[in-house]
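Chains as they are written, first to last, in the numbering used here: chain C, -10 to 391; chain R, 55 to 250.
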């Protein structure tokens, strides 16, 4: 950096910092790239940066599936590979697995043909199409600023129909603009509108979980103060919404923690940007606010773990105690010198007690090296569990037998 | 490239596709780069104004650009059809070949005052946060040092106009505060770097 910042500018910057030690380093300058925004002067020399997405999926031989550790009785194998940037998954009525991606810009259909998986690209060149949901024969796709649908797609996988617009007036901001998309028990489509920054006072239209009717009418905010939730599910019995949230960066190695929350009713505020992890006021935006104003996290899931997928288990293949447990897929940290996450955790909710939070699948992180990033799970009809890995472009299948 | 990328060459290239995905192969990349040489230079250093040099570009950058040409997110009359014939393995081999080539600064009429102004702008706009000190690039982020003047100008104007293809929106956002004079100054600065 010293090479291109003239001495005079450096001096001005240093003086500015000395006068306002809590202000972000770049305050007097143009905004930094989104991932670096909110970085304090004390971390200006940090080499930490987001982990780049490999352009192509890993070859089958590069998938170190034997490194994945599971509880006794569970086994894991590669179910499908070569799916660039595979992310969220949803089932069609006729057994097609629809798979989203983010930077690959594609949506895939995976069909099981006699024990072999065939992968078809059904849409490409899209704008970070992270959200896929399926209902009544129609696939819904969420990009940055719009939700579209493909009616009757499952019988036209080789000749996909045009994408019809459901709703296209969502914010166009790219930071945290990619969406998780799912149908709630009320038949409405739920999705996130993330904060367009690492840390900022977001516009009223951002940092929430929202919902619309599947015909595009009835837009409303459901949960507020949610920095970015790209994974949620409803409890199979209580039908309440549970969601994971990524916490802000550049506050330190061990804070703040990501969260796992319950939004039992509409309208709750979960603290962003004023309060992190339920008990840490933001050093800049928390002044004059109190953490007690906001809903506290159900679980602090760990600093920088990047909790994505949330899914309650309803199958019967796994042992009985797995019923109604939540699987949390954690894509893993970048804003931490010691990597953390890169695993699937599980949560057992207990009446009158704190939830139990423990590992289910680990091993994508070996020492300081990663070979994959588990990002979403999806239960199969037979009760086995699929895990999508967007880094390696693969989907694994976890089975159990006693 | 117009004269070289005939149907026969595209077919020949297509014939190499289908080998199993493996670690990128420099020799294969050199072979597969033959159709690219007319525009981008045999060693990835182009001599055609407006055409970028690929020598020294990070593997991820070149590979991602080819993917975007193939899926239509980035468009160019020559590159878009060319990319249609490439497999992921071809792209990985080409990207590895070009990264291994030594980049040479492209000739340009550089204005010292504009370079100085551009250097300050580069600091103000955090260019080195992603492009690294010296603007040599890394990972999916391109090398800008010594790149072709006209190409840099076209791209940066495109990001400002929100028409240039962007992997994740970072450059489009970064370019919004720039005025035309800023764009020119930045391009003078980038073109002036030899990247050594």
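Don't be surprised by glycine CBs; every beta carbon is placed ideally from N, CA and C.
Please read these numbers as outputs of a predicted model, since none were measured by experiment.
| Check | Outcome |
| --- | --- |
| Minimum Cβ-Cβ distance from residue 221(R) to chain C less than 8 angstroms | yes |
| Residue of 218(R), 215(R), 243(R), 194(R) minimising C-alpha distance to residue 113(R) | 194(R) |
| CA-to-CA distance, residue 192(C) to residue 78(R), given in whole angstroms | 45 angstroms |
| Amino acids of chain C, ordered along the chain, whose beta-carbon sits closer than 7 angstroms to that of residue 178(R) | 18, 19 |
| Min CB distance residue 127(R) to chain C below 8 angstroms | yes |
| Residue interval of the beta strand (DSSP E) (run including residue 221(C)) | 220 to 223 |
| Contacts of residue 139(R) in chain C (Cβ-Cβ under 7 angstroms) | Under the 7 angstroms cutoff, chain C gives no residues; its nearest Cβ is about 16 angstroms from residue 139(R). |
| Helix, strand or coil at residue 393(C) [DSSP, three-state] | No answer is possible for residue 393(C): the residues shown for chain C start at -10 and end at 391. |
| Inter-stretch contact (C-beta, 8 angstroms, three-pair minimum) for the segment 231 to 246 of chain R and the segment 187 to 205 of chain R | yes |
| Strand pairing of residue 175(C), partner residues [DSSP] | Answer by DSSP bridge pairing: none, since residue 175(C) is not bridged. |
| Neighbourhood of residue 94(R) by C-beta distance below 6 angstroms, restricted to the same chain and skipping five residues each side | 100, 108 |
| Own chain partners of residue 150(C) with C-beta closer than 6 angstroms, once the 5 adjacent residues on each side are dropped | 139 |
| Proximal residues, the segment 102 to 115 of chain C versus chain R, C-beta separation under 8 angstroms | 113, 114 |
| Residue(s) in a DSSP beta bridge with residue 138(C) | 129(C), 153(C) |
| CA-to-CA distance, residue 215(C) to residue 196(C), given in whole angstroms | 5 angstroms |
| Identity of the residue in 174(C), 304(C), 323(C), 96(C) nearest residue 236(C) by Cα | 323(C) |
| Members of the segment 171 to 197 of chain R near chain C, C-beta cut-off 7 angstroms | 173, 174, 176, 177, 178, 179, 180, 182, 183, 184, 187, 188, 193, 194 |
| At least 3 beta-carbon pairs within less than 8 angstroms: the segment 177 to 187 of chain R vs the segment 15 to 30 of chain C | yes |
| is_contact[residue 25(C), chain R] using C-beta, thresh 8 angstroms | yes |
| Residue-level contact to chain R via CB, residue 44(C), 8 angstroms cutoff | yes |
| Nonlocal neighbours in the same chain, by C-beta distance under 6 angstroms from residue 253(R), ignoring five residues either side | Only positions 55 to 250 of chain R appear in the structure, and residue 253(R) is not among them; the question remains open. |
| Cα-Cα separation between residue 134(C) and residue 62(C), rounded to whole angstroms | 44 angstroms |
| Contact with chain R by residue 94(C), beta-carbon distance below 8 angstroms | yes |
| Cα-Cα separation, residue 293(C) to residue 354(C) | 14 angstroms |
| Presumed contact (8 angstroms Cβ cut-off) between residue 307(C) and residue 333(C), rounded CB distance | Contact doesn't hold; Cβ gap of about 13 angstroms is too wide. |
| Contacting positions in the segment 102 to 129 of chain R - beta carbon closer than 7 angstroms to chain C | 114, 117, 118, 121, 125, 126, 127 |
| Residue 200(C) (DSSP reduced to helix, strand or coil) | strand |
| Coarse secondary structure for residue 130(R), derived from DSSP in three states | coil |
| Through-space distance from residue 189(C) to residue 269(C), alpha-carbon basis | 16 angstroms |
| CB-CB length for residue 121(R) against residue 246(R), believed under 8 angstroms | 31 angstroms between Cβ atoms; not a contact. |
| Residues of its chain near residue 132(C), where Cβ-Cβ distance is below 7 angstroms and the 5 sequence neighbours each way are ignored | 115, 116, 117, 118 |
| Contacts around residue 348(C), its chain only, beta-carbon distance under 7 angstroms, and the 5 residues preceding and following it disregarded | 332, 334 |
| Residue closest to residue 230(R), alpha-carbon to alpha-carbon, out of 200(R), 222(R), 179(R), 248(R) | 179(R) |
| Environment of residue 71(R) [buried if 16+ CB atoms lie within 10 Å] | At residue 71(R) the pLDDT is 35, less than 50, meaning the model places this residue with poor confidence and gives no usable figure here. |
| 8 angstroms Cβ cutoff, residue 191(C) in contact with chain R | no |
| Interface flag, residue 163(C) vs chain R, CB-CB below 8 angstroms | yes |
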